[in-house]
Amino acid sequence: MASSSTPPPTGSNKTHFPQDGSLPGEHFEERQTHPTGDYAPDPSKSLPLSSSRQALLDDIIALYEMKPTVERVKRYTPDCVYNDQFVYANDRYKMAGQWFALPKLFKDAKSHGYQVVTNDRDLIQFKHEEAWTFKIIPKTAVINALVSLSLDPATTDSDFIRVKYHKDQANDKDYSNEGLGATFKKWQADNVAKHMDSPEVKAFEADKDAGKEARRTYGRGDKEGDAPVKNL
7 MASSSTPPPT GSNKTHFPQD GSLPGEHFEE RQTHPTGDYA PDPSKSLPLS SSRQALLDDI
67 IALYEMKPTV ERVKRYTPDC VYNDQFVYAN DRYKMAGQWF ALPKLFKDAK SHGYQVVTND
127 RDLIQFKHEE AWTFKIIPKT AVINALVSLS LDPATTDSDF IRVKYHKDQA NDKDYSNEGL
187 GATFKKWQAD NVAKHMDSPE VKAFEADKDA GKEARRTYGR GDKEGDAPVK NL
């Protein structure tokens, strides 16, 4: 039985972001520094989710496992942001390009488990272990990361919850969103979708014109860079 301190499946009432769904994804970035960067999940300690939230999480895990569909990519708002070690995509067209391009780079991708550590009204966070097997190099890389899904306030109470900002953080420090690495991440996302000859990606072409703002920069990725320490 869940303890009284455990949020119910529908999530706690705590909010982190504006409640105006018309704002672009840049307004919905969750930032944190972890004391150790250890994101190994313990599924037995995962917080419970409502059926609509579990359905969202199932679709996100399926995307990580290289099972993209148009319907699963619709889990993102047109003006979403995706931010990880290698990619900064600031609309759903670019996001679709990333998910549908993964099979060109990897032979296999398998989720080894997750642990939901935050289940708030507008934020779901989970520790996730993923094994990536490369296509050209016969090697499998296992990565533990903290995934933060900032929820669209317009769909938080619906059966089909959508994501405004998806962050995948594999290190203790957050992203500064500055420097050569950040420039490459955005260049990569800006160009992959353009070269995808895929009707599934083209289905999101109109999202290129979705509202967006300049990438927010922080100078550094620790608490001095607006990323407070959180032991999730």
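Note that the numbering used here has the sequence shown beginning at 7, numbered continuously upward. Ideal Cβ placement from N, Cα and C applies to all residues, glycine included.
With a 10 Å radius around its C-beta and 16 neighbouring C-beta atoms as the bar for buried, classify glutamate 211 as buried or exposed.
-> exposed
Considering only the alpha carbon of each residue, which of Asn89, Lys236, Pro54 and Ala102 lies closest to proline 74? Ala102
Query raised in the report: For asparagine 177, which residues from the same chain have a beta carbon less than 6 Å from its beta carbon, with the 5 sequence-adjacent residues on both sides left out?
Result: Gly43
Output needed for alanine 68: all residues of its chain with C-beta closer than 7 Å, excluding positions within five of it in sequence on either side, in chain order. Arg78
- For glutamate 184, the nearest candidate out of Asp165, Arg221 and Ala195 (CA to CA): Arg221
(request) To the nearest angstrom, report how far apart glycine 225 and leucine 238 are at their CA atoms. (result) 23 Å
task = Specify, as a first and last residue, the run of the beta strand (DSSP E) that serine 117 falls within.
result = 112 to 126
Margin query: Per the DSSP calculation, tyrosine 70 is bridged to which residue(s)?
Written below: Answer is none; tyrosine 70 lacks a bridge partner.
| message | Checking the sheet assignment: what are the DSSP bridge partners for phenylalanine 132? | response | Val122 and Val153
Tell me which same chain residues have a C-beta within less than 7 Å of the C-beta of arginine 168, skipping the five on either side of it? Arg81, Tyr82, Thr83, Asp158 and Thr161
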